[in-house]
Every structure is written in C-alpha cells, then in structure tokens.
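**Student:** Chains G and H are the protein sequences, given in the same order.
If you count the first sequence from 1, you need to add 65 to reach this note's numbering.
If you count the second sequence from 1, you need to add 65 to reach this note's numbering.
Protein chains: 2
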Amino acid sequence: MYITSIEIRDQRFDLPDGVGSDATHTTPKYAYAVCCLRTDSPVTGIGLAFTLGAGTDLVCKAIEYISVALKGREIEELMADFGNEYRRMADSPSLRWLGPHKGVIHLALAAVVNACYDLWAKSRQVPLWQLLLDLTPAQLVNTLDLSYFEEVLTRDQAIALLEKHLPTREERTGVLSTGYKGYDTSVGWFNYPDEKIVLNTRKAMDNGFNAMKLKVGSDDPGRDIRRAALIRQTAGDAATIMLDANQKWNLPQALYVCEKLGDINPFWIEEPTHPDDVIGHQAIARAIAPFKVATGEHIPNKVIFKNFLQAKAMDFCQVDAVRVGGVSEFLTISLLSRQMGVPVVPHVGDMGQIHQHLVLFNHIGMGHEHLFLEHIPHLRPYFVHPAEITGGYYQVPQVPGSSSDLKD
Amino acid sequence: MYITSIEIRDQRFDLPDGVGSDATHTTPKYAYAVCCLRTDSPVTGIGLAFTLGAGTDLVCKAIEYISVALKGREIEELMADFGNEYRRMADSPSLRWLGPHKGVIHLALAAVVNACYDLWAKSRQVPLWQLLLDLTPAQLVNTLDLSYFEEVLTRDQAIALLEKHLPTREERTGVLSTGYKGYDTSVGWFNYPDEKIVLNTRKAMDNGFNAMKLKVGSDDPGRDIRRAALIRQTAGDAATIMLDANQKWNLPQALYVCEKLGDINPFWIEEPTHPDDVIGHQAIARAIAPFKVATGEHIPNKVIFKNFLQAKAMDFCQVDAVRVGGVSEFLTISLLSRQMGVPVVPHVGDMGQIHQHLVLFNHIGMGHEHLFLEHIPHLRPYFVHPAEITGGYYQVPQVPGSSSDLKD
Numbered sequence: 066m067y068i069t070s071i072e073i074r075d076q077r078f079d080l081p082d083g084v085g086s087d088a089t090h091t092t093p094k095y096a097y098a099v100c101c102l103r104t105d106s107p108v109t110g111i112g113l114a115f116t117l118g119a120g121t122d123l124v125c126k127a128i129e130y131i132s133v134a135l136k137g138r139e140i141e142e143l144m145a146d147f148g149n150e151y152r153r154m155a156d157s158p159s160l161r162w163l164g165p166h167k168g169v170i171h172l173a174l175a176a177v178v179n180a181c182y183d184l185w186a187k188s189r190q191v192p193l194w195q196l197l198l199d200l201t202p203a204q205l206v207n208t209l210d211l212s213y214f215e216e217v218l219t220r221d222q223a224i225a226l227l228e229k230h231l232p233t234r235e236e237r238t239g240v241l242s243t244g245y246k247g248y249d250t251s252v253g254w255f256n257y258p259d260e261k262i263v264l265n266t267r268k269a270m271d272n273g274f275n276a277m278k279l280k281v282g283s284d285d286p287g288r289d290i291r292r293a294a295l296i297r298q299t300a301g302d303a304a305t306i307m308l309d310a311n312q313k314w315n316l317p318q319a320l321y322v323c324e325k326l327g328d329i330n331p332f333w334i335e336e337p338t339h340p341d342d343v344i345g346h347q348a349i350a351r352a353i354a355p356f357k358v359a360t361g362e363h364i365p366n367k368v369i370f371k372n373f374l375q376a377k378a379m380d381f382c383q384v385d386a387v388r389v390g391g392v393s394e395f396l397t398i399s400l401l402s403r404q405m406g407v408p409v410v411p412h413v414g415d416m417g418q419i420h421q422h423l424v425l426f427n428h429i430g431m432g433h434e435h436l437f438l439e440h441i442p443h444l445r446p447y448f449v450h451p452a453e454i455t456g457g458y459y460q461v462p463q464v465p466g467s468s469s470d471l472k473d
Numbered sequence: 066m067y068i069t070s071i072e073i074r075d076q077r078f079d080l081p082d083g084v085g086s087d088a089t090h091t092t093p094k095y096a097y098a099v100c101c102l103r104t105d106s107p108v109t110g111i112g113l114a115f116t117l118g119a120g121t122d123l124v125c126k127a128i129e130y131i132s133v134a135l136k137g138r139e140i141e142e143l144m145a146d147f148g149n150e151y152r153r154m155a156d157s158p159s160l161r162w163l164g165p166h167k168g169v170i171h172l173a174l175a176a177v178v179n180a181c182y183d184l185w186a187k188s189r190q191v192p193l194w195q196l197l198l199d200l201t202p203a204q205l206v207n208t209l210d211l212s213y214f215e216e217v218l219t220r221d222q223a224i225a226l227l228e229k230h231l232p233t234r235e236e237r238t239g240v241l242s243t244g245y246k247g248y249d250t251s252v253g254w255f256n257y258p259d260e261k262i263v264l265n266t267r268k269a270m271d272n273g274f275n276a277m278k279l280k281v282g283s284d285d286p287g288r289d290i291r292r293a294a295l296i297r298q299t300a301g302d303a304a305t306i307m308l309d310a311n312q313k314w315n316l317p318q319a320l321y322v323c324e325k326l327g328d329i330n331p332f333w334i335e336e337p338t339h340p341d342d343v344i345g346h347q348a349i350a351r352a353i354a355p356f357k358v359a360t361g362e363h364i365p366n367k368v369i370f371k372n373f374l375q376a377k378a379m380d381f382c383q384v385d386a387v388r389v390g391g392v393s394e395f396l397t398i399s400l401l402s403r404q405m406g407v408p409v410v411p412h413v414g415d416m417g418q419i420h421q422h423l424v425l426f427n428h429i430g431m432g433h434e435h436l437f438l439e440h441i442p443h444l445r446p447y448f449v450h451p452a453e454i455t456g457g458y459y460q461v462p463q464v465p466g467s468s469s470d471l472k473d
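(1) With distances taken between CB atoms, is the gap from G/Val384 to G/Pro411 smaller than 8 Å?
(2) May I ask which residues mark the beginning and end of the alpha helix (DSSP H) holding H/Arg220?
(3) Taking only runs that begin and end inside the stretch 304-354 of chain H, name each unbroken beta strand (DSSP E) of 3 or more residues, in chain order.
(4) Could you run through the stretch 69-96 of chain G and flag, in chain order, every residue whose CB is less than 8 Å away from some CB of chain H?
(5) Return helix, strand or coil for H/Gln76, following the three-state DSSP convention.
(6) Determine the direct distance from the alpha carbon of G/Ile349 to that of G/Ala96, and round the result to whole angstroms.
(7) Between the stretch 392-405 of chain G and the stretch 177-187 of chain G, are three or more C-beta pairs nearer than 8 Å?
(8) In whole angstroms, give me the CA-to-CA distance for H/Ser70 and G/Asn427.
(9) Please determine, among G/Leu227, G/Leu326, G/His440, the residue with the shortest C-alpha to C-alpha distance to G/Leu205.
(10) On the DSSP letters alone, give me the boundaries of the beta strand (DSSP E) that H/His440 sits inside.
(11) Would G/Asn311 and G/Ala88 be called neighbours here (beta carbons separated by less than 8 Å)?
(12) Tell me, please, which residues DSSP counts as bridged to G/Tyr245.
(13) Using a Cβ cut-off of 8 Å, pull out every chain H residue sitting near G/Gly110, in sequence order please.
(14) When the Cα of G/Gly120 is compared with those of G/Glu236, G/Leu425, G/Arg77, which residue comes out closest?
(15) Going along chain H, which residues have a C-beta under 9 Å from G/Thr455?
(16) Classify G/Lys472: buried if its beta carbon has 16 or more other beta carbons within 10 angstroms, exposed otherwise.
(17) What is the C-beta distance between H/Ala386 and H/Ile344, in whole angstroms, given that I count them as a contact (C-beta under 8 Å)?
(18) Does the distance from the C-beta atom of H/Gly164 to that of G/Gly168 stay below 8 Å?
(19) Could you check what DSSP says for H/Leu279 in three-state terms: helix, strand or coil?
(20) Going along chain G, which residues have a C-beta under 7 Å from H/Glu216?
(21) In chain order, what residues of the same chain lie with their CB nearer than 7 Å to the CB of H/Asn272, ignoring the 5 residues before and after it?
(22) Under 8 Å by Cβ, that's how I've got G/His166 and G/Asn366 pegged, so tell me the actual separation to the nearest angstrom.
(23) Rounded to whole angstroms, what is the Cα-Cα separation between H/Tyr257 and H/Asp328?
(24) Starting from the beta carbon of H/Ile429, find every residue of chain G whose beta carbon is closer than 7 Å, and list them in chain order.
(25) For G/Asp105 and G/Arg138, what's the separation of their Cα atoms in angstroms?
(26) In chain H, which residues lie with their C-beta within 9 Å of the C-beta of G/Lys126?
(27) How do the stretch 246-264 of chain H and the stretch 455-470 of chain H stand: do at least 3 beta-carbon pairs fall below 8 Å, yes or no?
(28) Do you know how far the Cα of H/Leu316 is from the Cα of G/Thr219?
(29) Is the Cβ-Cβ distance between G/Val124 and G/Ile111 less than 8 Å?
(30) Going along chain G, which residues have a C-beta under 9 Å from H/Val389?
(31) Taking the beta strand (DSSP E) that H/Ala114 belongs to, which residues open and close that run?
(32) Cβ of H/Gly148 less than 8 Å from any chain G Cβ?
(33) Are the C-beta of H/Val343 and some C-beta of chain G separated by less than 8 Å?
(34) Could you round the C-beta distance between G/Pro451 and G/Pro192 to whole angstroms and report it? I think they count as a contact, below 8 Å.
(35) Put G/Glu215 into one of helix, strand or coil per three-state DSSP.
(36) Residues of chain H with a CB under 7 Å from the CB of G/Gln383: which are they?
As structure tokens, then:
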C-alpha cells in the first residue's frame with residue numbers, strides 16, 4: 066500500500082458553556098490538526114494533534130512541511146525502520162530550529178506519526194492495539210527513536226523489557242474481556258458551579274465510574290478546598306478523586322494549597338505548577354508525599370520526560386500521543402516509565418480514541434499496571450467510531466486502525 | 066506615541082557555502098520573522114525572531130495572532146506595566162496550548178516584545194542600553210514577568226539586586242569608552258575544511274580577536290580532536306578557544322569526547338547534548354570540571370533556565386533574546402543568573418545587534434562580568450546600522466533603538 070497524497074484539515078469544535086475549562090485554559094474550543102494519508106487503495110491513514118482551537122492552522126502548515134517526505138512511500142517498508150524515519154522528521158536540519166522537539170512543529174509531527182501507525186494498522190486490517198501486540202519486540206523497537214536515552218534505556222534493554230513480558234501476556238489478556246477501566250474527567254470543569262459538580266458526580270457513579278477529577282487552581286484557595294470537600298462528600302470515601310491545577314500555582318502556592326487539599330485524600334495532584342519545572346515538581350513530590358504528583362500533558366518530548374523520571378518528579382506519567390511525537394514517542398516514553406517503575410496514565414487530547422489502544426498494549430505488552438484511562442465524552446458525535454464506555458469501562462475497539470477517523 | 070498598525074515580514078538570507086553550518090544544522094539559511102509596529106509618527110518599532118529559514122512563515126503568522134493586542138496602545142503606558150502585558154501575551158488561554166512558552170509561538174513573542182522595547186527606546190530617542198540604564202530598578206522590573214521564580218527571585222530581590230549595583234555603576238562605565246569585547250564565532254564552521262580554519266584563525270587574530278569558536282560534533286571524534294588541536298596550534302596558548310557540539314552528542318559520547326578535547330584547554334564546551342536535558346548537562350558539568358559547560362541558545366524559557374541554574378548544569382548562560390520571549394525574558398534570566406553567580410554570554414541569533422545593548426546593561430546595571438559577546442558578520446549588509454567591531458571590540462551603539470532595523 067503506497068501513500069499517494071497528503072491532505073490536511075483544521076477541524077475545530079465549539080463546546081457547551083464551561084466544558085473543558087480549567088484554571089489556565091479558561092475558554093477552550095477543542096480542535097484537531099488532522100493529517101490524512103491517501104493511498105493507492107480506499108484506505109486512508111488519519112493522524113491527530115490536539116489544540117485548544119487558536120493556532121491550529123499553524124500546526125496544519127507544519128504538517129505540510131513535515132509530511133512531504135512520506136509521499137510515495139510504501140507503508141510496510143516505511144514502518145519497518147520507522148525509528149530512523151521518525152528521527153529524520155524530528156531533526157530536519159532547519160525546521161528543528163523552531164523546536165527542537167516541542168511546540169507547533171512537534172505537535173505537527175504527532176499528527177504525521179499517528180497517521181502512519183493508523184494506516185499501518187488499517188493496511189493489516191487490525192486495530193492498533195492488536196498490531197502492536199503482533200509485532201516482535203525488535204520490530205516494535207524498530208519503530209522508536211531511542212536517541213538521548215543511551216544512559217537510561219538502550220535498544221537492547223528496550224527489547225529485553227518487551228521480551229520479559231512476552232511469556233506472561235496471558236495473565237494480562239483478561240483486560241480484553243473486561244475492557245480497560247475509565248475515569249470521568251468531566252464532573253468538575255473549572256467553570257462549573259458547585260451544584261453541577263454534585264450532580265455530575267452522582268451521574269458518574271450511576272454510570273459505573275468510581276474515579277473522577279476536579280479542576281482546582283482558583284485564585285481563592287478556599288474555593289478549591291470547598292469544592293474538593295464537596296466532591297469527596299458526594300462520592301464517598303471509596304471513590305478515587307484526582308485534583309488538577311493545570312499549571313496554575315507557583316511553587317510556594319502549590320506547597321500551601323496541596324497541604325490543605327490533602328484532607329480529602331486525593332489519588333493524585335495533577336500539574337501543580339509550570340509543566341517545564343522538573344525541580345519544582347520534585348520539590349512538590351517530596352513535600353506532599355504520600356500524596357502523589359501526576360503530570361505530562363504539556364511535556365513535549367522524551368528528554369524532558371526522562372528528566373522528570375530521573376528526578377522522581379512525577380509519580381504518574383501522563384504522556385499524551387497527540388502532544389509528544391505521536392504513537393512512536395508515546396511508546397518510547399512508556400518503555401522508560403516502565404523501566405523506572407512509574408505508571409503511565411495518559412492525558413487524552415484525542416478523547417481516548419487512540420489511547421484506548423495504547424493502554425491495552427502498555428498493559429499486556431509491557432506489563433504496565435491496569436489503572437484507568439481518562440474519559441472525556443464531548444467530541445463523541447464527531448468520531449466515526451467513538452470510544453464505547455460501558456459500566457465505566459472502555460470497550461475494546463475491534464475496528465481496524467487507531468479509531469481516529471473523524472466525520473466530514 | 067501610539068501603535069497604529071502592525072506589519073510582519075518574512076526575511077530570509079542565503080549564506081555562502083559552509084557558513085553557519087554545525088553538526089546538527091547542516092544547511093542553514095539565516096532568517097528573521099520581523100514584527101514592525103507602525104505608529105502615529107514616522108518612528109517604527111522593529112522586533113526580530115531568528116530562524117534557520119524553514120518555517121519562518123509559521124512564526125510570522127503567530128506574530129499576527131499575538132501582536133493584535135498592541136494596536137492602539139500608547140508606548141509609555143504599555144511599557145510602564147509591561148511585565149503584566151508580557152504575561153497576558155505569553156499566557157493567552159488557547160494559544161498557549163501550542164507551547165506553553167516554547168516553539169513557534171514563543172519565537173513570535175520574542176519578535177513582538179523586541180519591537181516594543183525598540184519602539185520605546187526610539188520614542189525616547191536613546192539607544193536601548195541607555196534606556197535600560199535610565200530606568201529605576203522598579204521601572205525595569207515592571208517590564209518583567211517574574212512568575213514561577215518565587216522561590217529563587219522575588220520582585221523585591223530583583224529590585225534589591227539592581228539597587229545594590231547602582232552606586233558602583235561608575236566602576237563599570239569604562240566599557241562605554243572601550244566598547245564590549247567580542248569573540249569570533251565564524252573561524253570554524255562545521256563544513257569548513259581544515260585549511261580554511263587555519264586561515265580564519267590567523268585572520269581573526271589579525272583583526273584583534275583573541276577568543277574564537279570551533280564547531281565540533283563530527284561522526285568521527287578524531288576529526289574534532291584534530292581540528293581542535295589545529296586551531297590551538299594556530300592561535301597559541303594565550304588564545305581563548307570555545308568548542309561547540311550543537312547538541313550532537315548523547316551523554317556517553319559527550320563524556321568520551323569531552324575528555325579527549327580537554328587536551329586543548331577549551332574555555333567552554335557548548336551544547337554538548339540535547340538542549341532540554343538538564344540532568345544530562347549536570348552530569349557532563351560534573352564530569353568535565355574544571356572545564357566548563359555553556360548552553361542556552363535552544364533553551365526556550367526562564368523556567369528551564371531556572372532548572373539549569375538550580376542543577377548547576379550550566380557554567381555559562383547563553384540566553385538569546387531572539388529565542389526566549391524577547392528583551393523582557395532575557396533580562397529576567399540575566400537577573401536570575403546574576404543572583405546565582407553564573408555569567409551571561411548570549412548566543413546572538415540577532416548577529417549581536419540587540420545583544421550589544423543588553424550586555425552593556427547586564428554589565429553596568431547588574432554587575433555581570435564583562436566577558437565577551439559572540440560576533441557573526443554574515444548579515445552585516447542587511448542591517449541599517451550593523452554592529453561595528455574595531456580591534457575585536459563592539460563599538461557602543463549610539464543610534465536610538467535596538468539596532469534591529471533591516472534594509473527593505
């Protein structure tokens with residue numbers, strides 16, 4: 066199957082009032098820069114990068130520059146050595162000045178890379194999770210770029226990690242019957258009034274979720290504390306509650322407010338400060354233990370993830386395949402996280418469409434713990450095969466590809 | 066003086082063969098995304114962001130989105146509280162998703178911010194260095210965004226640092242007579258053959274430079290070692306020689322090659338590995354001491370600089386005002402570097418045009434050591450007021466503004 070042309074789309078979606086709001090991103094749209102790889106068959110590879118609307122056109126333009134190298138390529142041949150292909154695209158000698166490996170050009174790379182994996186899975190007529198499980202450890206590692214990981218995860222170590230988990234896969238394939246557990250992110254968006262949070266919490270529990278998230282980071286910490294107590298009271302002591310500050314606090318604020326929020330026994334505190342601040346997160350993680358720090362949705366690449374892991378500055382790794390360089394870099398970071406004993410609980414800029422595949426592979430193929438995957442329902446109507454959640458569990462996708470197709 | 070409209074230009078410059086080449090950026094053009102603030106007077110504020118050609122249009126488009134807030138603003142009123150203005154632009158709630166504070170949108174912010182300072186200086190009819198020296202410590206700090214610096218440099222500490230250096234300014238104003246020392250970056254571009262390096266080294270010394278740089282990072286470390294020995298032999302033991310790997314090495318390679326390169330007694334080794342790798346640089350700095358590590362041209366923002374300084378991962382801070390968020394973030398990072406005892410030796414994506422002003426202020430206003438400033442002559446013909454180097458010294462610019470005007 067040959068890639069014959071590349072089509073790029075800027076798709077933006079209005080959201081109902083308050084939906085998606087957090088302490089930092091107060092008035093979001095959701096949007097995708099979409100890379101479509103047309104082929105000499107009816108099959109099209111679709112890759113997404115997520116934005117909040119503004120500037121999606123910049124990512125689209127960058128997709129055009131990066132994807133040009135893919136025209137004429139045969140998909141099996143392309144993916145057989147994709148790690149090197151990835152590095153060529155990520156390190157294009159002049160374009161990389163605009164990053165490197167971050168910002169607009171790296172978001173664009175995510176879309177391009179994701180389209181390649183989607184096309185690959187579709188060409189083999191299997192869902193992405195199945196494709197990844199079907200690859201040998203060496204074949205999988207061939208799709209990754211492990212450069213700058215030499216001191217923490219060599220190619221041999223990556224292959225060994227995957228090989229080690231081959232014989233025990235059956236112990237973990239139960240997830241293919243139960244589905245992968247979800248958690249509800251949408252009970253407590255920042256701009257929602259208290260009453261709505263209480264209602265949403267009850268609704269989430271009625272729908273089978275026992276894990277959910279509240280947005281914090283208010284100018285008045287009293288608001289955060291009140292709302293956190295409210296959701297704990299409504300959900301009960303058995304529920305798992307995560308708090309998400311979306312980078313709003315500086316370090317002294319984070320230390321002050323996290324101590325107060327400990328009263329509701331949160332499962333984690335997410336993005337307590339600036340996403341680039343490895344040493345700040347390290348200080349917070351040390352100070353708030355045994356409470357845990359989660360971060361990753363704004364960490365652009367594997368090198369910064371490496372630093373976070375080395376510094377023990379994150380207890381949960383929230384890498385997002387539509388923020389880092391797509392499925393390839395997601396898997397690279399998942400391998401390092403596994404090597405270093407940190408669970409991967411992705412952020413889902415893709416609304417879980419691609420990540421429902423990736424967490425299945427992380428669990429079965431790498432032995433990552435089956436924790437839960439963020440669930441955000443607001444773009445359901447726009448996907449051709451929206452993720453199906455039943456009783457709080459993502460149902461295992463069976464359609465070929467990465468579930469990224471959007472309706473026209 | 067009111068900003069009446071904003072004009073944006075994409076200016077790219079071809080370079081002679083080999084010029085600008087390094088181990089990573091093998092075939093550069095030099096280019097600027099230019100933000101021009103037109104006013105109700107003949108004066109125009111010009112701000113630059115530097116790229117290697119590819120994708121300059123993306124930066125230009127982002128300038129359009131960011132600068133729209135400036136239309137109609139009066140320059141003195143704008144700059145009186147520019148720190149908050151800066152933060153509003155840097156943290157635009159949806160656009161920041163594309164960063165935050167990195168990549169295309171942050172380069173665009175650099176151009177916008179630099180245009181504001183240029184216009185401010187021109188409106189007061191003084192060169193930028195003079196403008197900065199004329200501000201009171203509080204007025205200067207009002208132009209900075211110190212968020213996420215709370216644990217290392219508060220507003221009061223920043224003002225105190227500037228106040229402390231007020232009474233001793235006269236001890237440092239000698240630089241206004243001598244000029245600011247330069248070093249020659251262009252003797253040893255990566256693609257230059259050995260003979261050319263020898264010739265250039267001799268020429269540099271004839272022109273009064275006793276400090277110069279060689280590009281390293283060859284696939285064959287033997288080439289680096291041979292060329293480093295050659296330049297040391299040509300320049301003599303008294304010369305100051307810097308080696309620049311432009312991110313090419315992974316950590317084990319860096320440790321191996323740096324040890325060999327120590328033989329020529331380099332003044333620093335620059336960008337030995339991936340620019341985001343704080344802990345990697347920390348390991349290198351520890352391993353190669355007493356040799357020094359310089360980095361910064363690809364560090365996008367103050368938070369990552371903070372981490373580098375906290376980790377003692379850089380011995381020289383090479384912040385670049387056309388990479389970070391312009392003059393404002395440059396000064397913020399310079400203040401923190403001063404507070405933490407690390408010299409600032411800027412990278413000059415602007416070819417030294419703006420930085421010749423900034424190092425004068427860093428020295429006289431903050432007490433930073435008068436070391437030397439990178440000199441790159443290749444865009445001289447395109448600037449209206451190109452930096453003047455005499456006997457190896459930047460002559461103090463006297464024309465109002467930041468010396469950023471480009472010929473049409």
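All residues carry an ideal CB built from backbone N, CA and C; glycine is no exception.
None of the values given here were measured: they were computed from a predicted structure.
**Tutor:** Reading off the structure:
(1) yes
(2) 220-229
(3) 305-309, 333-335
(4) Thr89, His90, Thr91, Thr92, Pro93, Lys94
(5) strand
(6) 32 Å
(7) yes
(8) 52 Å
(9) G/Leu227
(10) 438-440
(11) yes
(12) G/Tyr459
(13) The contacting residues do not exist; G/Gly110 stays about 24 Å from chain H at best.
(14) G/Arg77
(15) By Cβ distance, chain H contributes nothing, its closest Cβ being about 31 Å from G/Thr455, past 9 Å.
(16) exposed
(17) In fact, because the Cβ distance is near 26 Å, the residues do not count as touching under 8 Å.
(18) yes
(19) strand
(20) Leu316, Pro317
(21) Gly457
(22) 4 Å
(23) 22 Å
(24) By Cβ distance, chain G contributes nothing, its closest Cβ being about 31 Å from H/Ile429, past 7 Å.
(25) 11 Å
(26) Gly120, Asp122, Leu123, Lys126
(27) yes
(28) 12 Å
(29) no
(30) By Cβ distance, chain G contributes nothing, its closest Cβ being about 12 Å from H/Val389, past 9 Å.
(31) 109-116
(32) no
(33) yes
(34) G/Pro451 to G/Pro192, Cβ: 14 Å. No contact.
(35) coil
(36) Those within 7 Å of G/Gln383 in chain H number zero; the least Cβ separation is about 15 Å.
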